[in-house]
Amino acid sequence: MTDDYEHYEAVVVGAGPGGAAAAATLARNDVETLVLERGTDAGAKNVSGGLIYAEESAPYTIDDLFPDFREAATDRAVTEHYIHNVSGRNVKTFDLHDLHHHDTEWADSVLRRKMDSWLADRVHEMTRETGGGLLTDVRVSGLLREGGRIVGVTCDELDAIRADVVVAADGVNSELARDAGLMDWEEPEEWFQGVKAVVDMPEGAIEKRFNVDEGEGVAHLFSGDLFEGARGGGFLYTNDDSLSIGTVFHLDSIAEERHEPQELLDNLLTHPLLADWIGDDYEELEYSAKLVPDSKKVAHPSPHRDRLLLVGDAAGQMQAQGPIIKGMNHAVTAGALAAEAFVDARSRGDTAEAGERYEAKLENEGVMDKLRPTRYRTLGRLGEAEPIASVTDAVVDSPVGRAAVGLLGDSLERLYNSPFLVGMLPDTKLGYVTLPTAIAEELGAPVAGESTVETPELDDRIGDLTYDIDEGNPHIELRDNSFAASGTAVTACPVSAKDFGGGCYRDEYVATNGTEKRVVSLDTQPCVECGTCAVVADTDWTHPRGGKGVEYKQG
Amino acid sequence: MRSVVLTKGVPDFREGQVSFDEDGHLERGKTPTVMNPNDKYALRAALQTKVRQGGTVSLMSMGPPGYMEVLQEGMRDVYADDLYLLSDREMGAADTWATAMTAATGIDKLDERPDLVFAGFKTADGETGHTGPQTEWCLDMPLITHVISLEVDPDEEHVRAKRLVEAEADEIETVKAPLPAFIVTDPEFEASYHRAEHRLEHKDLRETTRKRADEFGEYLADDSEKEATEWDRFTMWNHADLNLDPDFIGLDGSPTIVAGVDPIPKAPSEREATPVDPEDEADMEGLIDELAPYAAGD
Ligand SMILES: Cc1cc2nc3c(=O)[nH]c(=O)nc-3n(C[C@H](O)[C@H](O)[C@H](O)COP(=O)(O)OP(=O)(O)OC[C@H]3O[C@@H](n4cnc5c(N)ncnc54)[C@H](O)[C@@H]3O)c2cc1C
Ligand code: SF4
Chain A
1 MTDDYEHYEA
11 VVVGAGPGGA
21 AAAATLARND
31 VETLVLERGT
41 DAGAKNVSGG
51 LIYAEESAPY
61 TIDDLFPDFR
71 EAATDRAVTE
81 HYIHNVSGRN
91 VKTFDLHDLH
101 HHDTEWADSV
111 LRRKMDSWLA
121 DRVHEMTRET
131 GGGLLTDVRV
141 SGLLREGGRI
151 VGVTCDELDA
161 IRADVVVAAD
171 GVNSELARDA
181 GLMDWEEPEE
191 WFQGVKAVVD
201 MPEGAIEKRF
211 NVDEGEGVAH
221 LFSGDLFEGA
231 RGGGFLYTND
241 DSLSIGTVFH
251 LDSIAEERHE
261 PQELLDNLLT
271 HPLLADWIGD
281 DYEELEYSAK
291 LVPDSKKVAH
301 PSPHRDRLLL
311 VGDAAGQMQA
321 QGPIIKGMNH
331 AVTAGALAAE
341 AFVDARSRGD
351 TAEAGERYEA
361 KLENEGVMDK
371 LRPTRYRTLG
381 RLGEAEPIAS
391 VTDAVVDSPV
401 GRAAVGLLGD
411 SLERLYNSPF
421 LVGMLPDTKL
431 GYVTLPTAIA
441 EELGAPVAGE
451 STVETPELDD
461 RIGDLTYDID
471 EGNPHIELRD
481 NSFAASGTAV
491 TACPVSAKDF
501 GGGCYRDEYV
511 ATNGTEKRVV
521 SLDTQPCVEC
531 GTCAVVADTD
541 WTHPRGGKGV
551 EYKQG
Chain B
1001 MRSVVLTKGV
1011 PDFREGQVSF
1021 DEDGHLERGK
1031 TPTVMNPNDK
1041 YALRAALQTK
1051 VRQGGTVSLM
1061 SMGPPGYMEV
1071 LQEGMRDVYA
1081 DDLYLLSDRE
1091 MGAADTWATA
1101 MTAATGIDKL
1111 DERPDLVFAG
1121 FKTADGETGH
1131 TGPQTEWCLD
1141 MPLITHVISL
1151 EVDPDEEHVR
1161 AKRLVEAEAD
1171 EIETVKAPLP
1181 AFIVTDPEFE
1191 ASYHRAEHRL
1201 EHKDLRETTR
1211 KRADEFGEYL
1221 ADDSEKEATE
1231 WDRFTMWNHA
1241 DLNLDPDFIG
1251 LDGSPTIVAG
1261 VDPIPKAPSE
1271 REATPVDPED
1281 EADMEGLIDE
1291 LAPYAAGD
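Chains as they are written, first to last, in the working numbering: chain A, 1 to 555; chain B, 1001 to 1298.
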């Protein structure tokens, strides 16, 4: 077949940490590498908490690949980590020192716009040397196939491109993983939903209010009864001059219990425990949201097909290690391993082998065992079975259970600090709600102070975001607009709410043939591309064209 | 491929920049001069040609020495390999005809005849749209105006362009002309890059030109250096350099007579908006009554 398609040895889709790591490793090995990123700037589409970890056991960390990374792209070195068990005003705090430092070389707070755009500049310099480079504003729309086999990518903004290897580092809701049939977006149990506010801090306030030295930071986690029973928790990380405060919940919990994510975030922001940290002048710099895969359930054991290799969130490689969220570090490791696999395969003259080699590396380097711990596979899943889950929940909540919590006292702190034990905790209310609430009640003390925080309404949050709207070209379409099929999105969408007309999803009653039908309508203008409705509603879901849609300044 | 782009400085008419006196006259002294916005489309068309076919892009203007900053703006915001300013007192107060004569002579003086000359669609201050076509007449090249997209075939030595015929998107004409040709871009012009290699080249060139513009800025800021040395990407020619007779350029060479100046009336607003409080029943009833005829299809 003759065609005029361009060809690069490697095409990397997505310039998040996974894509940056893959591209840098490819470029270092003289592989002609083209990186395509849909944001108008790398990081403009991305959200994380974000604490980026460098694990001692990891074959690659981000500063191995980019030596100036910590100096230039991160905010504070986070050395202290606490979890607060909350019940009403009662709080019992555990120091997560051991869990935080377990296998940790360092952990820094980051904001994604700053981090990813810095990485992208380095990656562009490196890949340009190979004859490739990094382009923003380009959305890869699918896989180019020939004779049924994947041979490259198709794009909205460019003609199709052939490649010897395609590294899909396109994050959660990877359109390439879906196109290849490697991932689907069906089950809410397989995902978390993260929602975050970046809050401005006056200069010097962080040092004073958190009692840390310049350049040093702290992480706080929150669980208990402050989230209306939703399974998940909250976080607060200190950046240079702002705080990242957010929540991460199991998506099935958000969906089934019809929670409003922005309200759960507000519950955290306005809790008296945070009053002194936030201070009197609450200024929200940015509201953001994104899905997060749960590697225990979705990390693909064989994340490749033909010439396509999936890395990072695209492959479901996002580990919730108990309350600690580790996605960026695994994306980096996987990106570098995928690149290494291609380089090995190329040196043996058979680039088609790259996928198998990558899979073997993930297994041999111990990455897969972190992502899908065997002990969870047996014990955790068992604990999630409904009869067992309700029994354990009821036990902790019973007078006997309460007494046991009281007796265990501070030794519970050790349980929280065991990477072994948190790895097999089931994803039930027990760990997120019942136990922390009981701990707060039995062992905690009330916090003083009142919160003066007034959080913005949803329409102000949307109004403060930057969008480049693709007029007349909505990127999501409702396949089934009945309330039964898609109504969950009205509450679960982080920029929609019941009785709010300015969001993406609305429900309404329409009269047809004398009967009233409850339907939902969709307006994608305020969409923050979080991915939630791809899973909880019946939609045709894609990302907007390159450069279009929301543009995060913080991320 | 050698391209020359013609540009001009105009008052910055953007809100917050432009200043008018009590009688509604423009206060030149208080209003900054910027590159004529339409000329940036011309420069983008030239950059597209450079990205795809290689070559050089020269940006040329006729005007006072202050226009060096206009040239710098084009270099920074779009692209230029080198800059030319045709400037002296004799060229002052030229109308479109004298400007066209001078510009055409400047183009002729270049060491290499350009394959493409680009101009923007009319200036923000004069609004005549004459200078481009008149310059083309002097240069005796085929002219394509209202260009919205452009393909150059260097082997066949021709250019194929899409042009708006009646400024409506659905009336588009495709025309072909031999090189060298004169192109007037429409504000609807869109450069298109469908190959990654072109976008990468574009990114490189944008970075290069921003650096160059910074260098030129330093040169402009440093008066002592300006007198002592020259910046190798900038050339200034006066009427003697161009061998132009002062009687045929500037005010003396301008046949235009300005009989008077009238303010342009503001466009009347077409629709009125009346806010209605949906909670207010009387208001809503009134509104429904008003809309009833439309709902009934009258
Ligand atoms: C609220 C929240 C808190 C989190 N907290 C943490 C934390 O504290 N620590 C941690 O390690 N992880 C955290 N995570 C998870 C972490 O953000 C992800 O695991 C990580 O970003 C995955 O990296 P990646 O490179 O795989 O994908 P991403 O970082 O998502 O990058 C994907 C890139 O691909 C681009 N892209 C997508 N589709 C296309 C396309 N079709 N064409 C071109 N480009 C495309 C995107 O614009 C993006 O730049 C958090 C996530 C959330 C939402
Ligand atoms: S419309 Fe869908 S993807 Fe967009 S913000 Fe809402 S839930 Fe997220």
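Each residue gets a CB set at the ideal place from its N, CA and C atoms; glycine is no exception.
Verify the CB distance criterion: does residue i have a CB-CB separation below 9 Å to chain B?
i, result
"Y8(A)", "yes"
"E207(A)", "no"
"E157(A)", "yes"
"M1(A)", "Caution applies to M1(A), whose pLDDT of 47 falls short of 50 and renders its modelled position unreliable; the value that the coordinates give is listed next. No, because no Cβ of chain B sits closer than 9 Å to the Cβ of M1(A)."
"L36(A)", "yes"
"W128(A)", "Checking the sequence, you will find Arg at residue 128(A) rather than Trp. Yes, contact with chain B."
"H124(A)", "yes"
"G602(A)", "Chain A is shown only over 1 to 555; residue 602(A) falls outside these bounds and no answer can be derived."
"I161(A)", "yes"
Can you tell me the Cα-Cα spacing of residue i and residue j, whole angstroms?
i, j, result
"M1(A)", "K498(A)", "Confidence at M1(A) is low in this model, with a pLDDT of 47, below 50, so its placement is unreliable and no value can be given for it."
"V1018(B)", "A485(A)", "55 Å"
"G148(A)", "A15(A)", "27 Å"
"G234(A)", "V248(A)", "6 Å"
"M1236(B)", "S1087(B)", "7 Å"
"P1037(B)", "R307(A)", "47 Å"
"L273(A)", "R89(A)", "8 Å"
"R162(A)", "L144(A)", "7 Å"
"A1124(B)", "A1100(B)", "17 Å"
"R479(A)", "N239(A)", "41 Å"
"L407(A)", "D397(A)", "14 Å"
"P1178(B)", "E1166(B)", "24 Å"
"V153(A)", "S174(A)", "13 Å"
"N1238(B)", "L1043(B)", "24 Å"
"H100(A)", "L430(A)", "22 Å"
"N267(A)", "F227(A)", "7 Å"
"A1191(B)", "D137(A)", "15 Å"
Over what stretch of residues does the beta strand (DSSP E) that includes residue i continue unbroken?
i, result
"K1162(B)", "1158–1164"
"E175(A)", "E175(A) -> not in any beta strand (DSSP E); alpha helix (DSSP H) instead, spanning 175–179."
"H7(A)", "6–13"
"I469(A)", "It is not in any beta strand (DSSP E) - I469(A) carries neither H nor E in the DSSP assignment."
"I324(A)", "324–326"
"W185(A)", "Counting along the chain, W185(A) falls outside any beta strand (DSSP E), and DSSP gives it neither H nor E."
"Q319(A)", "319–321"
Output yes if chain A places a C-beta closer than 9 Å to the C-beta of residue i; else output no.
i, result
"A1240(B)", "no"
"D1312(B)", "In the structure as shown, chain B begins at 1001 and stops at 1298. Residue 1312(B) is therefore absent and cannot be evaluated."
"L1047(B)", "no"
"R1195(B)", "yes"
Just list the residues that DSSP pairs residue i with in beta bridges.
i, result
"D108(A)", "I52(A), A77(A)"
"S1061(B)", "T1007(B), L1085(B)"
"E146(A)", "R149(A)"
"R571(A)", "Chain A is shown only over 1 to 555; residue 571(A) falls outside these bounds and no answer can be derived."
"E286(A)", "V198(A)"
"E1151(B)", "R1160(B)"
Please classify residue i as buried or exposed, where buried requires at least 16 neighbouring CB atoms within 10 angstroms.
i, result
"G49(A)", "buried"
"F1216(B)", "buried"
"P387(A)", "exposed"
"V1276(B)", "exposed"
"P303(A)", "buried"
"I1257(B)", "exposed"
"T1274(B)", "exposed"
If you follow the alpha helix (DSSP H) that residue i is part of, which residue opens it and which one closes it?
i, result
"C533(A)", "532–536"
"I1257(B)", "No alpha helix (DSSP H) contains I1257(B), which DSSP labels as neither H nor E."
"P1178(B)", "Not the alpha helix (DSSP H): P1178(B) falls in the beta strand (DSSP E), residues 1172–1178."
Say the cut is 8 Å; is the CB of residue i nearer than that to a heavy atom of ligand 3?
i, result
"P17(A)", "Judged by which ligands are present, ligand 3 is missing from the structure shown, whose ligands are ligand 1 and ligand 2."
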